[in-house]
């Protein structure tokens, strides 16, 4: 079975532009979470979605938004890009919204560079 | 606010050595703790998941322990190999004030491990 897949793998944008990152969870997983990992730091939680509803949001500005589709795939959108948005964006999936016993499975991430 | 600290930040050892990576967290009201491995520029690979009711988990040469009351976990790697070189991240799920969904992981900054041949 395919793992969590993310696209694109790399992206270069200019300050002020908008970006859309995509994620397909593991087959059967209904929950998708997004994390931002700045170089040299641990990942920071951005959003969790389950059954197309937002179930959690980290401490990120409103420029960051996300949505989940009926097939459980997800998009992360970032508007008005800043240099500080340059990071590895990781998507993770798990079986359910309350699956405390289920580990999160991560994709390989999208490397975003803002110039 | 849950905070996770990992010590040391970097570690370099000769091949074959047994080693211990440390993780501490400030809020003991966690659901579980997960150890990950990250290779440069790559995503995270889950190594071990320990539930809050468990004391340890083992997978091959890896053993992770959890002392929830003291807010500590250790990852023990036996007979280290050059292929073990990577960054190891500790993450906890849950804590007071966290979402009921429990999906949010709070990560440490990782320990960068180098195993020299």
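Protein chains in written order, with our numbering: chain A, 4 to 118; chain B, 2 to 118.
Glycine included, every Cβ here is placed at the ideal spot set by N, Cα and C.
Distance between residue j and residue i (C-alpha atoms, nearest Å)
i: residue 32 of chain A; j: residue 107 of chain B; result: 21 Å
i: residue 38 of chain B; j: residue 47 of chain B; result: 7 Å
i: residue 96 of chain B; j: residue 53 of chain B; result: 11 Å
i: residue 11 of chain A; j: residue 41 of chain A; result: 18 Å
i: residue 18 of chain B; j: residue 83 of chain A; result: 49 Å
i: residue 24 of chain B; j: residue 92 of chain A; result: 23 Å
i: residue 96 of chain A; j: residue 118 of chain B; result: 36 Å
i: residue 83 of chain B; j: residue 67 of chain B; result: 26 Å
i: residue 50 of chain A; j: residue 36 of chain A; result: 5 Å
i: residue 59 of chain B; j: residue 9 of chain A; result: 30 Å
i: residue 99 of chain A; j: residue 92 of chain B; result: 19 Å
i: residue 113 of chain B; j: residue 85 of chain B; result: 10 Å
i: residue 43 of chain B; j: residue 30 of chain A; result: 21 Å
i: residue 7 of chain B; j: residue 72 of chain B; result: 12 Å
i: residue 63 of chain A; j: residue 35 of chain B; result: 24 Å
i: residue 19 of chain A; j: residue 76 of chain B; result: 42 Å
i: residue 79 of chain B; j: residue 61 of chain B; result: 9 Å
i: residue 68 of chain A; j: residue 105 of chain B; result: 17 Å
i: residue 65 of chain A; j: residue 13 of chain A; result: 23 Å
i: residue 32 of chain B; j: residue 106 of chain A; result: 11 Å
i: residue 21 of chain A; j: residue 81 of chain A; result: 6 Å
i: residue 9 of chain B; j: residue 74 of chain B; result: 13 Å
i: residue 65 of chain B; j: residue 90 of chain B; result: 12 Å
Buried versus exposed, by CB contacts within 10 Å (16 or more), residue i
i: residue 69 of chain B; result: buried
i: residue 88 of chain A; result: buried
i: residue 11 of chain B; result: exposed
i: residue 116 of chain B; result: buried
i: residue 88 of chain B; result: buried
i: residue 13 of chain B; result: exposed
i: residue 48 of chain A; result: buried
i: residue 15 of chain B; result: exposed
i: residue 117 of chain A; result: buried
i: residue 21 of chain B; result: exposed
i: residue 86 of chain A; result: exposed
i: residue 17 of chain A; result: exposed
i: residue 94 of chain B; result: buried
i: residue 43 of chain A; result: exposed
i: residue 58 of chain A; result: buried
i: residue 5 of chain A; result: exposed
Contact list for residue i against chain D, beta-carbon separation under 8 Å
i: residue 108 of chain A; result: Looking at the structure shown, chain D is missing, and the protein chains on hand are A and B.
Assumed close pair residue i, residue j - CB separation to whole angstroms, cut-off 8 Å
i: residue 49 of chain B; j: residue 63 of chain B; result: 6 Å
i: residue 71 of chain A; j: residue 55 of chain A; result: 5 Å
i: residue 45 of chain A; j: residue 4 of chain B; result: In fact, because the Cβ distance is near 11 Å, the residues do not count as touching under 8 Å.
heavy atom of the ligand FAD below 8 Å from residue i C-beta
i: residue 29 of chain B; result: The ligand FAD is not part of the structure shown, which contains no ligands of any sort.
- Using Cβ-Cβ distances below 9 Å, what residues of the region 33-45 of chain B are close to chain A? 33, 35, 37, 39, 42, 43, 44 and 45
- Cβ contact (3+ pairs, closer than 8 Å) linking the region 104-118 of chain A and the region 20-30 of chain B: Judged by Cβ distances under 8 Å, the region 104-118 of chain A makes no contact with the region 20-30 of chain B, as fewer than three pairs qualify.
- Could you name the residues of the region 15-27 of chain A whose beta carbon sits closer than 8 Å to any beta carbon of chain B, in the order they occur along the chain? none
- Query: On the three-pair Cβ rule with 8 Å, is the region 20-28 of chain A touching the region 66-80 of chain A?
  - Reply: yes
- Query: For the region 55-76 of chain A, which residues have a beta carbon sitting closer than 8 Å to at least one beta carbon of chain B?
  - Reply: 58, 59 and 61
- Item | Residues of the region 80-93 of chain A whose Cβ lies closer than 7 Å to any Cβ of chain B, in chain order | 93
- Item | Residues of the region 54-82 of chain B whose Cβ lies closer than 8 Å to any Cβ of chain A, in chain order | If the cut-off is 8 Å between Cβ atoms, the region 54-82 of chain B has nothing near chain A.
- Residues in the region 102-115 of chain B having any Cβ partner in chain A nearer than 7 Å: 102, 103, 104, 105, 106, 108, 109, 110 and 111
- Mind listing which residues of the region 42-55 of chain A have their C-beta closer than 8 Å to chain B's C-betas, in chain order? 43, 44, 45, 46, 47, 48, 51 and 53
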